Amino acid sequence: MKLTDIMAGTNVKITDLSTMNDLVRRRLNDFGIMEGSVISLRKLLPFSGPCTIEAKGQWIAIRRKEANCIQVEAV
Amino acid sequence: MITVALAGNPNTGKTSLFNTLTSSYEYVGNWAGVTVEKKVGTLTNKQGQLIDLPGIYSLSPLSRDEGVTTSYLLDESPSMLMNVVDASQLERNLHLTVQLLEYGAPVVVALNMIDVAESRGLHIDERELANQLGAEVVPVIARTGRGCDELVRLTKPEHRTNRLLQPRRFEYGSLLERAISELETKLPADAGPKRWLALQFLEGNILVLQKLRQLVDPAWLQLFYDATELQLKQQTGAKDMSQYIRSQRAEIIDGWLQRSLRETHKTGRTLTERIDDIVTNKFLGIPIFLVFMFLTFKLTFDWIGTPLSDELDALLNGPVKDGIGSLLDTVGAAAFIKSVILEGIIGGVGGVLVFVPQIFILFLIISFIEDSGYMARIATVMDRLMEGVGLNGKAFIPMIIGFGCNVPGIMAARTIEQPKERLLTILLTPLMSCSARLSVYSLFVGTFFKSNQALIVLSLYVLGVVAALVLAKLFSSTIVKGESSLFVIELPPYRIPQWRTLMRSTWEKGKGFVRKAGTFIFGGSVVIWLLGYTGPSGWNVSMDESFLKAIGSVIAPLFAPIGFGNWQAGAALLTGFLAKEVVVSTMGIIYAAPDDAGLSGMITQFFSPLQAYSFMVFILLYVPCLATVGVIRKETGSSLWTWFSVGYALVVAYVIALAVYGTCKALGFQ
């Protein structure tokens, strides 16, 4: 399922990032966010705005388009 | 003289640390090939230099600006690396640390923000961590200066012999180790730290790749890279080489943290979370921001800025002017000289310097927003809107700075990684009503809209923003068609900025404005005064017979449809190209006004309130000032786009002023 489908605050594990824009994916890697990482969704901003995710104590904001590319599974 | 390079992630308090460790600093031009300024400071013990490297998450750059650190490590040989690490974000920060340790220069780790870490329940045993890392680890709180003496002490040469002088070696599994050895043999002896080069190459560091291509056959390198990656994927199931390397490092770092980091239970939601719930709230986010900006303007004009300005004005036009006047009399200066100095120079420059208090307050508030962490939230909240017109949420920040002065605003666009987005931001930032325009507004609203000052000014600022958004949409769908965007923003915990950092930051921004006042406006003031003093018939003519009137009269008719077809307005606008504040200076000279109050009085005879508003709208939009045009040329590297920015602004200004004047007149306003 997509990250944007889950309930905010629950921990999930990333299974796939391959459909994501290359640059964004590399930047997320720098933050330690990659396949196998455990993250949670914090907030979805209105009108398909950015979402904020929490990963290893960091808060990162990315666009909805990219967030839709994050495939996750329950953990 | 030893050189210490300061490197670390963004948002680690690096600037704060830099300020605490240096007694003085200067900008020595840009780093080669980019528009990032090189900042070099002198250590407080006066025995070395501290070079501030831009904040990065990894040595592998995603944009040219991020390549500065790698380029520095490739091209120069620092005596030592000082790595600022955020103690509350240890895992991520240590990834960069590993890369720096592999480089080979002695590394000192400044473990910053330990107080923040402690309050979050993170307890770090720095001695154990130092053992694991094989480098000195100094806990510091840059904000207060704690631990900084120790850091400076460690930069002295005698302390460096105690540490391992060989590059730190981490293991990456047999396959990669074989590949690294193979590549190392191909590198010439003087290539530098070979293992570091090999690892960076395999990680995909573009700059290292470029460097290696000069030393090793590029075709071989490509084959080698692809073959190694393929093998790696087959053997380990890794997605790609850089991710594999990263996960190897993660294991190593994990081992370190298990031995040196103790986490006690976190106590509920942090203050940052609670603030964010309000500030990034669905409904409240943007309104809160608007209120914040409104308060900013209130503070700048009404509450602090203007009263201070008035004091400065009284000083300049009173004691200073009189004092110089009598001095000139004493030395028997000619009437001409006296006139140039008192009316031309003091009148002109003085009329602008009085706005310095307002500008510094604006810059102070902007610096506060940056350092506190609120900027990142603004970029996030505004991103949807920006995305809608083809911009990046990060573009909002240069534009915010543009409200203070377009010049640093445009320079701040460098944080935008994608070239087309950056160009678009640069083109649109001049539409942000800068503080120079403020001096013109101040004059007119003070005269015509006394009871609604803040509101009228706000309307102009909003008009600028709206124009920018509309044009953004237009440009991004036509001439500046974009490529994929990179929007990944870290939202750091809120913090109260350190006073010293704020001051330095404000001063750096304000200095630009003051320098502008000194050079362009000074020179411009004298020239304008001269144009008003001389005419076709000779020296010391009355205003009506001067060159200024002649030039102004030629262009005046063009402005008749938008409400100010008189030569004074025309001449003033022309001089406004030098710097928008000069419009005020010019008017002061043209109307032969003895001071601001006098000028206020004079312009009521030449403008009606509506005409004044139309005039201000035109000033808001018409052309970027000379300094801004210069910066645009430098940042875009293109004359074409620079001319474009001047041209489109003129057109837009005219059209909108026409629309405003026309409709309001039709509606019966005055």
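Chains as they are written, first to last, in the numbering used here: chain A, 2 to 76; chain B, 13 to 682.
We put the beta carbon where it would ideally sit given N, CA and C, even for glycine.
None of these values were measured; they are calculated from a predicted model.
Any idea what DSSP makes of residue i, helix, strand or coil?
{"i": "Met614 of chain B", "result": "helix"}
{"i": "Glu148 of chain B", "result": "strand"}
{"i": "Lys14 of chain A", "result": "strand"}
{"i": "Lys3 of chain A", "result": "strand"}
{"i": "Ser651 of chain B", "result": "helix"}
{"i": "Gln510 of chain B", "result": "coil"}
{"i": "Ile126 of chain B", "result": "helix"}
{"i": "Gln59 of chain B", "result": "coil"}
{"i": "Ser41 of chain A", "result": "strand"}
{"i": "Arg274 of chain B", "result": "strand"}
{"i": "Ile316 of chain B", "result": "coil"}
{"i": "Glu88 of chain B", "result": "coil"}
{"i": "Gln430 of chain B", "result": "coil"}
{"i": "Glu189 of chain B", "result": "helix"}
{"i": "Ala250 of chain B", "result": "coil"}
{"i": "Thr685 of chain B", "result": "Because chain B in this structure spans residues 13 to 682, residue 685 of chain B falls outside the shown range and cannot be described."}
{"i": "Glu355 of chain B", "result": "helix"}
{"i": "Thr109 of chain B", "result": "helix"}
{"i": "Val73 of chain A", "result": "strand"}
{"i": "Ile468 of chain B", "result": "helix"}
{"i": "Lys592 of chain B", "result": "coil"}
{"i": "Leu440 of chain B", "result": "helix"}
So what does residue i bridge to, in DSSP terms?
{"i": "Ala62 of chain A", "result": "A:Thr53, B:Ile501"}
{"i": "Lys51 of chain B", "result": "B:Tyr39, B:Asp64"}
{"i": "Met94 of chain B", "result": "B:Leu18, B:Val120"}
{"i": "Arg158 of chain B", "result": "B:Ile153"}
{"i": "His135 of chain B", "result": "B:Arg274"}
{"i": "Gly550 of chain B", "result": "B:Gly547"}
{"i": "Thr34 of chain B", "result": "B:Leu55"}
Just the Cα atoms here: how many angstroms apart are residue i and residue j?
{"i": "Val39 of chain A", "j": "Thr16 of chain A", "result": "10 Å"}
{"i": "Met411 of chain B", "j": "Gly185 of chain B", "result": "48 Å"}
{"i": "Gln72 of chain A", "j": "Thr640 of chain B", "result": "45 Å"}
{"i": "Asp161 of chain B", "j": "Leu18 of chain B", "result": "16 Å"}
{"i": "Leu233 of chain B", "j": "Leu633 of chain B", "result": "53 Å"}
{"i": "Gln222 of chain B", "j": "Lys432 of chain B", "result": "24 Å"}
{"i": "Trp519 of chain B", "j": "Ser447 of chain B", "result": "15 Å"}
{"i": "Gly204 of chain B", "j": "Leu86 of chain B", "result": "8 Å"}
{"i": "Leu693 of chain B", "j": "Gly536 of chain B", "result": "This structure gives no information on residue 693 of chain B, because the portion of chain B shown stretches from 13 to 682."}
{"i": "Val539 of chain B", "j": "Phe656 of chain B", "result": "27 Å"}
{"i": "Ile298 of chain B", "j": "Leu481 of chain B", "result": "16 Å"}
{"i": "Phe627 of chain B", "j": "Ala584 of chain B", "result": "11 Å"}
{"i": "Leu18 of chain A", "j": "Leu4 of chain A", "result": "11 Å"}
{"i": "Thr20 of chain A", "j": "Cys70 of chain A", "result": "6 Å"}
{"i": "Tyr660 of chain B", "j": "Ile428 of chain B", "result": "23 Å"}
{"i": "Glu170 of chain B", "j": "Val228 of chain B", "result": "38 Å"}
{"i": "Val288 of chain B", "j": "Arg512 of chain B", "result": "The sequence as given places Asp at residue 288 of chain B; Val does not occur at that position. For Asp288 of chain B and Arg512 of chain B, the distance between alpha carbons rounds to 26 Å."}
Buried or exposed: where does residue i fall if 16 or more other Cβ atoms within 10 Å of its Cβ makes it buried?
{"i": "Ala250 of chain B", "result": "buried"}
{"i": "Asn42 of chain B", "result": "exposed"}
{"i": "Met253 of chain B", "result": "buried"}
{"i": "Met35 of chain A", "result": "buried"}
{"i": "Arg281 of chain B", "result": "exposed"}
{"i": "Pro469 of chain B", "result": "Residue 469 of chain B is actually Val in this sequence, not Pro. The residue is buried, with at least 16 neighbouring Cβ atoms inside 10 Å."}
{"i": "Ala609 of chain B", "result": "exposed"}
{"i": "Lys333 of chain B", "result": "buried"}
{"i": "Tyr10 of chain B", "result": "Nothing about residue 10 of chain B can be reported from this structure: the residues present for chain B run from 13 to 682 only."}
{"i": "Gly37 of chain A", "result": "exposed"}
{"i": "Ser321 of chain B", "result": "buried"}
{"i": "Val663 of chain B", "result": "exposed"}
{"i": "Lys592 of chain B", "result": "buried"}
{"i": "Met8 of chain A", "result": "exposed"}
What in chain C is Cβ-close to residue i, meaning under 7 Å?
{"i": "Val25 of chain A", "result": "Considering every chain present, this structure includes no chain C. Its protein chains are A and B."}
Notebook entry, point to check: Touch check for the segment 92–99 of chain B and the segment 114–131 of chain B: three-plus C-beta pairs under 8 Å?
Noted result: yes
Next item on the list: Check whether the segment 475–487 of chain B touches the segment 383–396 of chain B, counting contact only when three or more Cβ pairs, one atom from each stretch, lie closer than 8 Å.
Entry: no
Notebook entry, point to check: Touching or not, the segment 139–150 of chain B and the segment 45–56 of chain B, by the rule of three or more beta carbon pairs under 8 Å?
Noted result: no
Margin query: Quick test of the definition: if touching needs 3 or more C-beta pairs under 8 Å, does the segment 567–578 of chain B touch the segment 663–674 of chain B?
Written below: yes
Margin query: Check whether the segment 97–105 of chain B and the segment 18–36 of chain B touch, using three or more Cβ-Cβ pairs below 8 Å as the test.
Written below: yes
Next item on the list: Would you be able to state if there are at least three C-beta pairs under 8 Å between the segment 504–518 of chain B and the segment 368–388 of chain B?
Entry: yes
Note to self: For the segment 162–169 of chain B against the segment 185–196 of chain B, do three or more pairs of beta-carbon atoms, one drawn from each stretch, fall closer than 8 Å, so that the two count as touching?
What the structure shows: no
Note to self: Counting beta carbon pairs with one atom in the segment 615–629 of chain B and one in the segment 457–471 of chain B, are three or more of them shorter than 8 Å?
What the structure shows: yes
Note to self: Between the segment 207–218 of chain B and the segment 64–83 of chain B, can you find at least three pairs of beta-carbon atoms closer than 8 Å?
What the structure shows: yes
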